[in-house]
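Step one of this worksheet: look at the structure below.
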Amino acid sequence: MSSDDIWPPREVWVGRWLLVVCALVIAMILVGGATRLTDSGLSITEWDLTKGLTPPLTDARWAEEFGLYQRTVEFQEQNSEMTLAEFKYIYWWEWGHRFLGKLLGAVFVLPALFFFFTGRLRGRFRVTFALFALGALQGAIGWWMVTSGLFSGLDVSPVRLAIHLGMALVILALGLWVALGAFAWPREKAKLGLPRWAPFALMGLIFVQVMLGALLAGSRGGAAYADWPWIGGEWIPSSAFMLEPFWANFTEDHATQHLLHRTTGYAVALVALAVALAGLIRGQGAARWAALAVGAMALLQAGLGVLTVIWASPLWLSLIHQMGAVVLWMAALVSARAAWR
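Be aware that the sequence shown starts at 113, since it is given in our numbering, and climbs by one per residue.
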């Protein structure tokens, strides 16, 4: 297939730019995960673009930021004995997350304007604008999430946290899809050996799994049941789905959250292995190799999940597990792209 047969035509530099954007989105997801797991998300209590461009560089600025944090419920009821040095530790995580967001905005907007005015976004203007709109919406969702815990509770809402993470996955998927299109990948005929919708169904299942994980992490439930394959010594915890109203089980009950997150994880692994097996037996070209990558990554991610559980969710392993979910999400999208082409 030649570049003349493809619309929109190949634009390698557009593809490279979008891959950089995707890399920054991944960094945002990981730093955001660390921000949540270190309980740092409420350390910055204002939304000020100009003030937030630089971290506190003087003792007066640090004292000002610490004073603002001391007004929050989290400080007053949970961290009232926190020292300034301890505050700086959580502040740096949240500041880094917000700074990455600003950097991502600049890395996206400035090249987008250049590519637009030089005509290199041929056929990709609408999706590029959609990415810009989703990025702006993501910033608003992030602040909406933070406000849920500033002065009314000890933590941000797990539901809003999940929405924030879910939007990041959508942005990552759209950016990666368009980047692959800009490279005209795959350039040769590919066949998955399954219906074209199969990888998209897997992506939907992975998305649900990640959202369940976000609810678990958002309610500090990762270390609640450090045994496997049991949950608190039971295959199906007897305390699951006991809260009223019913929806509270998804956001507050750790037994229910562990049951759902683990069960969905098993389903993801089985479906991913089915996709890999079909690719191995009947697949051709890039779709075959993408399917095998999906299966391998699903097995690795399942193993990381088990280790995260039995080691009571240490920060470093939790972040590796989160990165595994992101890589599996991207692998499934690459498989979908190959099958679609």
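Where is the CB? At the ideal position from N, CA and C, for every residue including glycine.
Among the options, the one whose alpha carbon lies nearest that of residue i
i      : options                           : result
Phe295 : Pro307, Arg232, Pro357 and Ala352 : Arg232
Thr259 : Phe319, Glu186 and Leu212         : Glu186
Gln190 : Leu222, Ser152 and Thr240         : Ser152
Ala348 : Ala336, Leu372, Arg332 and Leu286 : Strictly speaking, residue 348 in this sequence is Ile, with Ala absent from that position. Of Ala336, Leu372, Arg332 and Leu286, the residue nearest in Cα terms is Leu372.
Arg332 : Leu382, Leu427, Met442 and Gln413 : Leu427
Arg234 : Pro121, Asp160 and Ala172         : Pro121
Lys200 : Pro307, Gln182 and Gly407         : Gln182
Arg238 : Leu212, Phe362, Gly287 and Leu154 : Gly287
Ala89  : Gly334, Ile318 and Phe211         : Here the chain has residues from 113 to 453 only, and residue 89 is not among them.
Gly377 : Gly316, Ala335, Phe227 and Ala352 : Gly316
Leu180 : Thr166, Leu196 and Leu165         : Leu196
Tyr203 : Arg173, Gly345 and Phe226         : Arg173
Thr363 : Phe227, Glu346, Gly345 and Gly334 : Gly334
Trp441 : Gly345, Leu431 and Phe312         : Phe312
Leu154 : Trp205, Gly164 and Phe227         : Trp205
Phe178 : Thr162, Glu158 and Leu165         : Glu158
Cβ-based neighbour list, residue i, same chain, cut-off 7 Å, excluding 5 preceding and 5 following
i      : result
His104 : Missing from the structure shown is residue 104; the chain here goes from 113 to 453 and no further.
Pro298 : Gly397, Ala398, Ala450 and Arg453
Phe263 : Thr184 and Val185
Ala414 : Gly377 and Ala381
Met435 : Leu142
Val439 : Met409
Thr240 : Ala224 and Leu233
Leu431 : Leu142, Gly145 and Ala146
Val109 : No information on residue 109 is available, as it lies outside the stretch 113 to 453 that the chain covers here.
Leu412 : Gly436
Close beta carbons around residue i, own chain, < 6 Å, minus the five adjacent residues each side
i      : result
Asp365 : Leu355
Ile118 : Bear in mind that the predicted position of Ile118 carries a pLDDT of just 45, short of 50, making it too unreliable to give a figure here.
Thr375 : none
His370 : Tyr337 and Ile343
Ala405 : Ala443
Val322 : Ala437
Ala367 : Pro349, Ser351 and Ala352
Inter-residue CB distance, residue i and residue j (contact presumed, cutoff 8 Å)
i      : j      : result
Gly391 : Leu266 : Not quite, the Cβ-Cβ distance comes to about 46 Å (not below 8 Å), so this is no contact.
Trp255 : Arg272 : 10 Å between Cβ atoms; not a contact.
Gly261 : Val268 : 4 Å
Proximity below 8 Å, CB of residue i to CB of residue j
i      : j      : result
Leu445 : Ala410 : no
Pro223 : Trp129 : yes
Leu327 : Pro270 : yes
Val282 : Phe220 : no
Leu212 : Ala139 : yes
Contact set for residue i: own chain, Cβ-Cβ below 8 Å, skip 5 residues either direction
i      : result
Leu429 : Leu416, Leu419, Thr420 and Trp423
Leu215 : Leu136
Ser115 : With a pLDDT of 39 at Ser115, under the threshold of 50, the modelled position of that residue is not reliable, and the figure given next carries that caveat. Same-chain partners within the cutoff: Pro121, Arg122 and Ala296.
Gln188 : Gln182
Ala280 : Val137, Met140, Ile141, Gly144 and Gln250
C-alpha gap between residue i and residue j, whole angstroms
i      : j      : result
Ala398 : Pro357 : 48 Å
Leu292 : Arg400 : 17 Å
Val126 : Phe229 : 13 Å
Met113 : Glu123 : Confidence at Met113 is low in this model, with a pLDDT of 40, below 50, so its placement is unreliable and the value that follows should be read with caution. Computed Cα separation, rounded: 15 Å.
Trp207 : Leu284 : 22 Å
Ala388 : Pro168 : 50 Å
Leu459 : Gly251 : A query on residue 459 cannot be resolved here, the shown segment of the chain reaching from 113 to 453 and no further.
Met194 : Trp340 : 35 Å
Ser425 : Arg394 : 39 Å
Val143 : Gly330 : 15 Å
Ala402 : Ile141 : 23 Å
Ala448 : Ala310 : 8 Å
Leu306 : Val383 : 12 Å
Ile275 : Ile253 : 8 Å
Leu249 : Ala360 : 27 Å
Phe353 : Ala302 : 45 Å
Glu300 : Gly247 : 33 Å
Leu314 : Asp171 : 51 Å
Gly217 : Leu131 : 14 Å
Asp160 : Leu225 : 25 Å
Phe244 : Gly407 : 32 Å
Arg210 : Glu176 : 18 Å
Ala64  : Arg236 : With the chain covering 113 to 453 only, the question about residue 64 has no answer from this structure.
Arg308 : Ala379 : 19 Å
Gly164 : Ile156 : 9 Å
Phe227 : Ser192 : 51 Å
Glu76  : Glu346 : Any property of residue 76 remains undetermined from this structure, which presents the chain solely from 113 to 453.
Proximity test, residue i beta-carbon vs the ligand SAH heavy atom, cut-off 7 Å
i      : result
Gly345 : The model depicted lacks the ligand SAH and carries no ligand whatsoever.
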